[in-house]
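Following: one structure in structure tokens, then a few remarks.
What follows is the structure in structure tokens.
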């Protein structure tokens with residue numbers, strides 16, 4: 449006991465007790481931090497960033513730290529303006545003009561190094577001239593072989609009404625070879641008072657006629673161009689009839705009527721046209737039917753031919769009938785007097 453009545457304890461014992469208390473408190477704090485509540489665990493799982501978010505963060509960080517070369521912003525602005533201009537030209541329908549200008553600039557550069565078009569080898573053209581084919585193909589004095597688009601030239605040539613097919617080849621350094629297959633003028637087609645030159649497939653070749661095409665057979669009516677091969681072939685098989693025909697008219701897109709040069713209409717049947725043509729040729733050879741004073745020869749009913757007389761022929765026929773009746777009356781009168 450010390451001088452004031454307290455029991456004395458060693459300093460070592462007091463320090464040991466204080467250390468034990470501190471260790472116990474620290475252990476409690478660690479236990480509480482290592483075992484969070486359920487609510488804290490759930491909230492922590494939502495706060496943890498996903499893998500995609502981490503990647504986006506890394507990418508944005510790299511972009512932010514990226515060192516661009518000098519004047520990169522100016523170059524990007526120029527590219528944006530150029531793209532905007534090209535888009536506006538396309539939307540406004542000005543691209544063909546711009547493209548033509550770019551090709552012209554390219555041609556100048558190509559021609560400077562010896563790639564200018566020096567010659568065009570053209571074959572197959574009969575109706576179109578050499579200059580017309582070059583114009584359609586888009587070849588001009590400043591064209592270069594390098595920037596000449598052979599595929600586009602072929603499509604332009606095939607779009608021409610005279611040309612059924614075409615091949616275009618570039619022969620470096622300075623030649624172009626073009627071969628065309630032209631449509632042959634086959635017949636003249638008249639509709640609504642307008643006459644056009646057509647090919648055998650019915651495609652219109654020329655919107656007007658001149659002396660070159662006046663010898664072609666004339667077909668008339670809606671849908672006649674699609675059946676031109678049929679009627680022209682039929683007339684070709686019967687030249688004794690076709691030489692007297694001025695035109696073939698398609699009636700109601702169903703049957704043909706031949707208009708002869710003397711104005712007679714020959715109405716053909718819907719079917720078995722070849723037999724009708726044979727009968728017509730036979731009747732003309734035997735009775736000169738196509739030279740008679742008639743306006744119509746109707747052959748639409750098989751094994752029957754009906755004719756319609758002209759007005760003059762009808763009057764003459766009626767006069768002949770009256771004269772015949774008078775002659776019969778006179779004969780009966782004479783016989784009555786004798787009896």
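Residue numbers (my numbering): 449 to 787.
C-beta: ideal position from N, C-alpha, C; glycine also.
Original post:
What does residue 714 pair with, by DSSP beta-bridge criteria?
Top reply: Along the chain shown, one-based indexing puts residue 714 at 266. Answer is 706, 745.
**OP:** Specify whether the stretch 658-666 and the stretch 616-632 touch according to this definition: at least 3 beta carbon pairs, one from each stretch, less than 8 Å apart.
**Re:** Contact between the stretch 658-666 and the stretch 616-632 is absent, because fewer than three Cβ pairs lie under 8 Å.
Original post:
What whole-angstrom Cβ distance do residue 631 and residue 653 have, given they're in contact under 8 Å?
Top reply: Indexing the chain shown from 1 puts residue 631 at position 183. Indexing the chain shown from 1 puts residue 653 at position 205. Confirmed, Cβ separation roughly 6 Å.
**OP:** Could you round the C-beta distance between residue 629 and residue 649 to whole angstroms and report it? I think they count as a contact, below 8 Å.
**Re:** Residue numbering aside, residue 629 sits at position 181 when the chain shown is read from its first letter. Residue numbering aside, residue 649 sits at position 201 when the chain shown is read from its first letter. Rounded to whole angstroms, the Cβ separation of residue 629 and residue 649 is 13 Å, and the two are not in contact under 8 Å.
Original post:
Are there 16 or more other CB atoms within 10 angstroms of the CB of residue 602, so buried, or fewer, so exposed?
Top reply: For the purposes of this step, residue 602 is taken as the residue at position 154 of the chain shown. Classification for residue 602: buried.
Original post:
Taking just the CA atoms, how far does residue 604 sit from residue 656?
Top reply: What you label residue 656 is simply residue 208 of the chain shown in a count that begins at 1. What you label residue 604 is simply residue 156 of the chain shown in a count that begins at 1. The straight-line gap from Cα to Cα measures roughly 22 Å.
Original post:
Any idea what DSSP makes of residue 701, helix, strand or coil?
Top reply: Here residue 701 refers to the residue found at position 253 when the chain shown is read from its first residue. Residue state, collapsed to three classes: coil.
Original post:
So is residue 500 buried or exposed if we call it buried at 16+ other beta carbons inside 10 Å?
Top reply: Residue mapping note: residue 500 aligns to position 52 of the chain shown, counting from 1. An exposed status is given to residue 500, since fewer than 16 other beta-carbon atoms sit within 10 Å of its beta-carbon.
Subject >> Nonlocal neighbours in the same chain, by C-beta distance under 7 Å from residue 625, ignoring five residues either side >> reply: In the chain shown, residue 625 corresponds to position 177, counting from 1. Taking C-beta separations shorter than 7 Å and ignoring five residues to either side along the sequence, the partners of residue 625 in its chain run 569, 617, 619, following chain order.
Original post:
Mind checking whether residue 635 and residue 680 have CB atoms under 7 Å apart?
Top reply: In the chain shown, the residue the question calls residue 635 occupies position 187. In the chain shown, the residue the question calls residue 680 occupies position 232. Result yes, Cβ atoms of residue 635 and residue 680 sit closer than 7 Å.
Subject >> Sequence-distant residues of its chain with Cβ nearer than 8 Å to residue 474 (five each side left out) >> reply: Residue 474 sits at position 26 when you count from the first residue of the chain shown. Note that residue 474 has pLDDT 47, beneath the 50 cutoff, so the model's placement of it is unreliable and no number is given.
Subject >> CA nearest to the CA of residue 597, picked from 615, 580, 738, 771 >> reply: In the chain shown, counting from the first residue as 1, residue 597 sits at position 149. The option with the nearest alpha carbon to residue 597 is 615.
Subject >> Beta-carbon proximity check, residue 708 vs residue 738, cutoff 7 Å >> reply: As a position in the chain shown, residue 708 is number 260, starting the count at 1. As a position in the chain shown, residue 738 is number 290, starting the count at 1. Going by C-beta atoms, residue 708 is nearer than 7 Å to residue 738.
Subject >> residue 574 to residue 726 span [Cα, whole Å] >> reply: Taking the chain shown and counting its residues from 1, one reaches residue 574 at position 126. Taking the chain shown and counting its residues from 1, one reaches residue 726 at position 278. Taking the straight line from one Cα to the other gives about 37 Å.
Original post:
Can the beta-carbon of residue 668 be found less than 7 Å from the beta-carbon of residue 729?
Top reply: To locate residue 668, count along the chain shown from 1; it is residue 220. To locate residue 729, count along the chain shown from 1; it is residue 281. No, they are not a contact pair.
**OP:** Enumerate in chain order the residues of its own chain whose CB-to-CB distance from residue 643 is below 6 Å, with the five nearest sequence positions on each side excluded.
**Re:** Walking along the chain shown from the start, residue 643 turns up at place 195. So the list reads 636, 657, once near-sequence residues are dropped.
Original post:
For residue 682, which residues does DSSP report across the bridge?
Top reply: Reading the chain shown from its first residue, position 234 is the one you call residue 682. Beta-bridge pairing links residue 682 to no other residue.
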